[in-house]
Amino acid sequence: ICAQGYTVLIVEQNIRQVLKVVGRAYLLEAGRIRLAGNSREFLDSQEIRKTYLGL
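All residue numbers for the sequence shown refer to this note's numbering, where the first residue is 170 and numbers rise by one.
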């Protein structure tokens, strides 16, 4: 899909599953973008790991 120039918006609560398949992710909280980045940036964020991934 990406190679063909398409963008797909996935709205999902299971962040672990989503980070396996996306090139870029956005975390929305109270209608605002709280974090934007690639999967590695999300997984490397201590706050995200603790608050949203339970790690």
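Every residue, glycine too, gets a C-beta built ideally from N, C-alpha and C.
Under the three-state DSSP convention, the category residue i falls into
i	result
isoleucine 229	Since the first residue shown for the chain is 170 and the last is 224, residue 229 is missing from the structure and cannot be characterised.
alanine 194	strand
isoleucine 117	Outside the modelled stretch of the chain, which goes from 170 to 224, sits residue 117, for which no answer is possible.
leucine 222	coil
DSSP beta-bridge partners of residue i
i	result
arginine 201	Glu198
glycine 206	Ala194
Cβ neighbour criterion (16 or more within 10 Å) applied to residue i
i	result
isoleucine 217	buried
Option in the options with minimal Cα separation from residue i
i	options	result
serine 208	Thr220, Gly200 and Val187	Val187
valine 180	Thr220, Ala172 and Val190	Val190
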